[in-house]
Each structure stands twice: as structure tokens, then as C-alpha cells.
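Novice:
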Amino acid sequence: MKLSLEEFQAWKNKKITLLGMSGVGKTHLSSMLREHNWFHYSVDYRIGTRYLDEPIMDLIKQQAMQIPFLRDLMRKDWIYVRNNIKVDDLGPVLSFVGKLGNPELS
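Quick note: the sequence shown uses the working numbering, first residue 7, plus one each step.
Put into C-alpha cells, the structure is as follows:
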């Protein structure tokens, strides 16, 4: 369905779906749309916070336990690590699932 600019602007309920590979700018574009009062529902954010939070944390803790200094602090519960996944910064999710495409561009 192709609309002219006038038809799109006159349309009462505007909805778009952004679909693309990792790193193409979906989150960046969504952030720009939010600045203009668009609602942003991020599937990547929902997956990261609801379904992948524990596996992401397990991987981070596994890596931290390889460092003796951190291992000692964590085993004594003197420090803790938690995810800080944000709707406009999905870094922890991307670091867990990886990025497809040319690794030299990352």
C-alpha cells in the first residue's frame, strides 16, 4: 500500500513496523519517532527483558567468575551484577545473541 504524503498525514491512526537486521538503525529511528509522540513497542526489548534476562545474566556471571578478583567478591555476595537493558539501548541483548553481517562494521 503506497500513500501520498497528504494521504499519510490525513490518516488518523498511523502505524508502522520496522523490520531489519541488527545494526541497521531500527532502535535509532524508533527513538526519533518517540520524540514526536509515537508509541514504540520494541519486540527486542520485550524478548531481552522477559525471556533472555536470566541467560544473559548467566553468561555475564560465567565470564566474571573467570577473573579471580571478581569471583571472590561475587562468591561472598559483596557485589552483584544486573542487566540494564533499555528500550533505546539493547546492548546486553545484542552482546548475547550476536550481530549478523560483516563483523568489521561493528
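Yeah, the Cβ is synthetic: ideal placement off N, Cα and C, and Gly gets one too. Since this is a predicted model, take the numbers as computed values, not measurements.
To the nearest whole angstrom, what separates the beta carbons of Ile62 and Val87, a pair I think is in contact under 8 Å?
Specialist: The Cβ separation is near 10 Å, so there is no contact.
Novice: Under a three-way DSSP split, which group does Asp59 fall into?
Specialist: Of the three classes helix, strand and coil, the one that applies to Asp59 here is helix, per DSSP.
Novice: Straight-line CA distance for Gln72 to Tyr51?
Specialist: When rounded, the distance between both Cα atoms is 28 Å.
Novice: Work out the CA separation of Gly104 and Met27 for me, nearest whole Å.
Specialist: If I take the Cα positions, the gap works out to 11 Å.
Novice: DSSP beta-bridge partners for Asp126?
Specialist: For residue 126 there is no data in the structure shown, the boundaries of the chain being 7 and 112.
Novice: Quick check: the Cα distance between Pro74 and Ile91, rounded to an integer number of angstroms?
Specialist: For Pro74 and Ile91, the distance between alpha carbons rounds to 26 Å.
Novice: DSSP has Asp95 in a bridge; who is on the other side?
Specialist: Paired residues: Lys92.
Novice: Starting from Thr33 and walking both ways along the alpha helix (DSSP H), at which residues does that stretch end?
Specialist: Note, Thr33: alpha helix (DSSP H), Lys32 to Arg40.
Novice: If distances are taken between C-alpha atoms only, which option among Arg77, Met38 and Val49 comes closest to Leu25?
Specialist: Comparing Cα positions, the closest option is Val49.
Novice: Determine the DSSP secondary structure at Ser10, reduced to helix, strand or coil.
Specialist: In this structure, Ser10 counts as coil in the three-state DSSP scheme.
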